[in-house]
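Everything below concerns the one structure shown next.
Number of protein chains: 4
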Amino acid sequence: MKRNAAQHPPLRRRQAAKEQRRLQLIKATIDAVARRGFAGTNISDVARAAGMSQGMVNLHFESKEKLLVETLRFLADEYKSAWETALERAGPTAAKKLAQLVELDFTPALCDRRKLAVWFAFWGEARSRPTYLRLCKQRDQEYDEALHGLCRQVIVEGRYKHADADVIASSLAALTDGLWMDILISHRSMSASRARRISFAYLANVFPGHFTDEGVVA
Amino acid sequence: MKRNAAQHPPLRRRQAAKEQRRLQLIKATIDAVARRGFAGTNISDVARAAGMSQGMVNLHFESKEKLLVETLRFLADEYKSAWETALERAGPTAAKKLAQLVELDFTPALCDRRKLAVWFAFWGEARSRPTYLRLCKQRDQEYDEALHGLCRQVIVEGRYKHADADVIASSLAALTDGLWMDILISHRSMSASRARRISFAYLANVFPGHFTDEGVVA
Amino acid sequence: MKRNAAQHPPLRRRQAAKEQRRLQLIKATIDAVARRGFAGTNISDVARAAGMSQGMVNLHFESKEKLLVETLRFLADEYKSAWETALERAGPTAAKKLAQLVELDFTPALCDRRKLAVWFAFWGEARSRPTYLRLCKQRDQEYDEALHGLCRQVIVEGRYKHADADVIASSLAALTDGLWMDILISHRSMSASRARRISFAYLANVFPGHFTDEGVVA
Amino acid sequence: MKRNAAQHPPLRRRQAAKEQRRLQLIKATIDAVARRGFAGTNISDVARAAGMSQGMVNLHFESKEKLLVETLRFLADEYKSAWETALERAGPTAAKKLAQLVELDFTPALCDRRKLAVWFAFWGEARSRPTYLRLCKQRDQEYDEALHGLCRQVIVEGRYKHADADVIASSLAALTDGLWMDILISHRSMSASRARRISFAYLANVFPGHFTDEGVVA
DNA sequence: AATGAATGAGGGTTCATTCAT
DNA sequence: CATGAATGAACCCTCATTCAT
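See the structure below:
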């Protein structure tokens, strides 16, 4: 029966509305943290920015603490599905996949000052670091493994002697984090496009047969 | 004038004691921020940890905000004099100086979990506090110039074609920041010694004639 | 009129369902107040415990305050009809009726930790809520008169010189309340059966011809 | 030196002031609980009634919870030292001591509507009962033992056959609690003097050789 | 009739700052 | 100078009540 296939309409609509609210609040939280920092973010501002009453935060997230955690989870999920999708859509070679991962990090959708600010807020605040680890450790490991695997493949394909996949993967990851930071802090007049170029320059250095400063070799 | 040359002794002693108080409070602030984060750091804890009364903080720093700024300034000054000293004491060649800068970043005295935590706490809040941003930028301006200059010199000395001092200096700086972060977050099981090695591996890649994974070529 | 004699069936069924709802909510309120106290009792918990939605409480009772008043009234009515029934069913003599009243107070159905807790919760708040006070007074007015009357009868029957019905009735009532409290607070390892015995011991003292520690003299 | 014998004056004055503040707040709490009940008592009202700012409550008591606990402790201490003093000052016979305990319960200083309200608030609220027990169990036991011991002595002295010290002590204690309740709730138009008389009437009944309705026999 | 999402007032708690001593 | 008691604004959270569906 149709009834079974599709839920009772008002219920489904309600459910959707609820999810909508959550998302609005998370977006508002990202904005608030970016604008006022972790310490300066309070729920009444977040709620107001989302066009709701204070009570909504506790209704949907139970506490400020959990709102922040869910915000982090949102970003982490977004990042994870982004790189997984990127790998799927990338060309078949390891080098092309690697290039996609680098491109991704400096894509406007992810490399956004507001979002970067939230990442650094979690990394920077001693109290939220355990939360970050609990939530992101696994995700980060998966990413690291993917990165490491791709580096290994490129090394094998390109017969790069003396190249150490471990070192290269770690370097690339650290480089990205550092560039993100420079972008966030407006350090060294860093921009996403310059950061992208710097990352490819690194790859061109370690894998000269596969990369140039501009990207992957065709 | 006499007054300037030799201040009234008790006055001078007082001045010294005052400076002593300030330092104690800053040290206690570093501890507190590292342990409890920015938001979790409050004046009374800091004062108690420094063995003083609450009132001392406002007496010496006027406000909590100023205490934090002075703490950041303390770290920035410490870092600056460290690298300036390092450059003076390093061997005469640019490569040796560059190596010293890298070594410095992973020296226990500076690459210390407590201090890293404080740096990242400030960076995490920086976007929302112009004062921090200004201080951070200032810290890096001169350092970047030194780094850039050294890279240029090495490039000239080594006749590295296609090497871009801008890119290399920025890469090295970003790499360092990212490695610091990995150390702080305990990411990718990063340690200071591994971070140092990774940094030299980068230099060995871009300046193969001057560096190996272990350091500068003799 | 027909309408009054036999209501429209579906309407009557509805009426019954409504009454059912009220009762469920009152029962849930008793549970909640017993478990979490007055201050800790909130509408959503009560509603959930009664298997209904929050809105039902306001639909059936208008406000939380009214729900509490109705709960108190429920207990008062229950107590009243219990002692009225007890008097009807008791033997014909005043002593037997008096004995029934005492027995009643320590019957499991009424002398139940949950219900005692609620009584004392109301008494604890009574002074600050005139409505409760009025309800409590009302509850006791008639009971006291009955008690007083029975004492008088026993005195007359037994020709107890120097016995004052006022004092005895008040003593018995106060003794009962105090024993209830001891049971609730688990004071002096008081149990319902010991409390019953203590009450009869009192009666045996003032009316030695009619009572023993075990109950009424046959 | 005198300095050692007596603390530094300003310090001692401060200490005294602190104790003074605590007492003011406790007094205000008793008032507030009596007037508005447990649930209706909030710290800002208490603080205002004590002529202080809200912050003082948390400064001196850490939390509302602890303020209430300290208020209970104050009453419990007051009661304990009152009955201990009463026993010391009473005549040498057990009957005289027993009479003093009864008198005490209906002395204006202790049998005060405001204080009674607080006792019943603690007894009535499910959440505070554990606190009450933790705090008062020992004190109550000591009192019970004293009461029990006195009853035993009177029984021995008076050669009361068939008198059970356990039952009498428990009865007396329960009777007192019940009378307190009647006074608090304004039940049965109970007053302290009538309650006192009722208590002595009980004693006169069980110990006719030692007591009359008016008190102990000379 | 029934639901539960939404509101917003109210309360406890924290804490930077002030100030009498 | 130095202390720490005192203040009160700001914040998070709870929850009775309302109301659209």
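Residue numbers (the numbering used here), protein chains in the order written: chain A, 1 to 218; chain B, 219 to 436; chain C, 437 to 654; chain D, 655 to 872. The C-beta atom is built at its ideal place from N, Cα and C for all residues, glycine as well. As the structure is a computational prediction, the values presented were derived from the model and not from experiment.
Asked: Straight-line gap, L804 of chain D to T477 of chain C (C-alpha atoms, nearest Å); Found: 43 Å
Asked: Chain A contacts made by the stretch 337-366 of chain B, where a contact means CB separation under 8 Å; Found: F338, A339, F340, W341, G342, E343, A344, R345, S346, R347, L351, C354, K355, D358 and D362
Asked: Proximal residues of chain A, C-beta to C-beta of N423 of chain B below 7 Å; Found: N205 and V206
Asked: Inter-residue CB distance, A344 of chain B and A252 of chain B (contact presumed, cutoff 8 Å); Found: With a Cβ gap of about 17 Å, A344 of chain B and A252 of chain B do not count as contacting.
Asked: Min CB distance Y856 of chain D to chain C below 8 Å; Found: yes
Asked: DSSP state of R3 of chain A mapped onto helix, strand, coil; Found: Because R3 of chain A carries a pLDDT of 43, less than 50, the predicted location of this residue cannot be relied on, and the following value inherits that uncertainty. R3 of chain A falls in the helix class under three-state DSSP.
Asked: Collapsed DSSP secondary structure at T394 of chain B in the structure displayed; Found: helix
Asked: Proximity below 8 Å, CB of L503 of chain C to CB of L461 of chain C; Found: yes
Asked: Burial state of A610 of chain C, where buried means 16 or more other Cβ atoms lie within 10 Å; Found: buried
Asked: Cutoff 8 Å: H714 of chain D Cβ touching any chain C Cβ; Found: no
Asked: Local conformation of T325 of chain B per DSSP, three classes; Found: coil
Asked: Under the three-state DSSP convention, the category G273 of chain B falls into; Found: helix
Asked: Residues of its chain near R221 of chain B, where Cβ-Cβ distance is below 6 Å and the 5 sequence neighbours each way are ignored; Found: Low confidence applies to R221 of chain B: its pLDDT is 48, below 50, so where it sits in the model is not reliable enough to give any reading.
Asked: Which listed residue (A:R152, A:R159, A:A82 and A:V206) has its alpha carbon closest to that of A94 of chain A; Found: A:R152
Asked: Identified DSSP bridge partners for F429 of chain B; Found: B:V434
Asked: Residue interval of the alpha helix (DSSP H) (run including S199 of chain A); Found: A192 to V206
Asked: DSSP state of R345 of chain B mapped onto helix, strand, coil; Found: coil
Asked: Interface partners of S271 of chain B on chain A, CB under 9 Å; Found: What S271 of chain B touches in chain A: nothing, since even the nearest Cβ is about 24 Å away.
Asked: 8 Å Cβ cutoff met for K80 of chain A and R139 of chain A; Found: yes
Asked: Buried or exposed (CB count within 10 angstroms, at least 16 for buried), K454 of chain C; Found: exposed
Asked: Among D:Q708, D:R690, D:L833 and D:Y814, the one whose alpha carbon lies nearest that of A846 of chain D; Found: D:L833
Asked: Three-pair Cβ contact test at 8 Å for the stretch 618-633 of chain C versus the stretch 537-554 of chain C; Found: yes
Asked: Own chain residues within Cβ distance below 8 Å of A485 of chain C, not counting five before or after; Found: A464, D467 and A468
Asked: Straight-line Cα distance separating L390 of chain B from T430 of chain B; Found: 15 Å
Asked: Per-residue DSSP class, three states only, for R73 of chain A; Found: helix
Asked: Alpha carbon of G433 of chain B to alpha carbon of L101 of chain A, nearest angstrom; Found: 30 Å
Asked: T394 of chain B versus Q359 of chain B: straight-line alpha-carbon distance, rounded; Found: 16 Å
Asked: Assigned exposure category for V374 of chain B - 16 Cβ within 10 Å defines buried; Found: exposed
Asked: Contacts of T507 of chain C in chain D (Cβ-Cβ under 8 Å); Found: Near T507 of chain C there are no residues of chain D at all, since even the closest Cβ is about 14 Å away, more than 8 Å.
Asked: Where A34 of chain A meets chain B, residues with beta-carbon distance less than 9 Å; Found: R345 and S346
Asked: Inter-residue spacing [alpha-carbon to alpha-carbon] between M219 of chain B and I416 of chain B; Found: At M219 of chain B, the pLDDT of 44 sits below 50, so the modelled position is not reliable; the number obtained from the coordinates is stated separately. Rounded to the nearest angstrom, the two C-alpha atoms are 55 Å apart.
Asked: Simplified DSSP assignment, three categories, for K161 of chain A; Found: coil
Asked: Whole-angstrom C-beta distance between F38 of chain A and F256 of chain B, which should lie under 8 Å; Found: 7 Å
Asked: Straight-line Cα distance separating D263 of chain B from I401 of chain B; Found: 27 Å
Asked: Cβ neighbour criterion (16 or more within 10 Å) applied to L316 of chain B; Found: buried
Asked: Contact with chain C by R842 of chain D, beta-carbon distance below 8 Å; Found: yes
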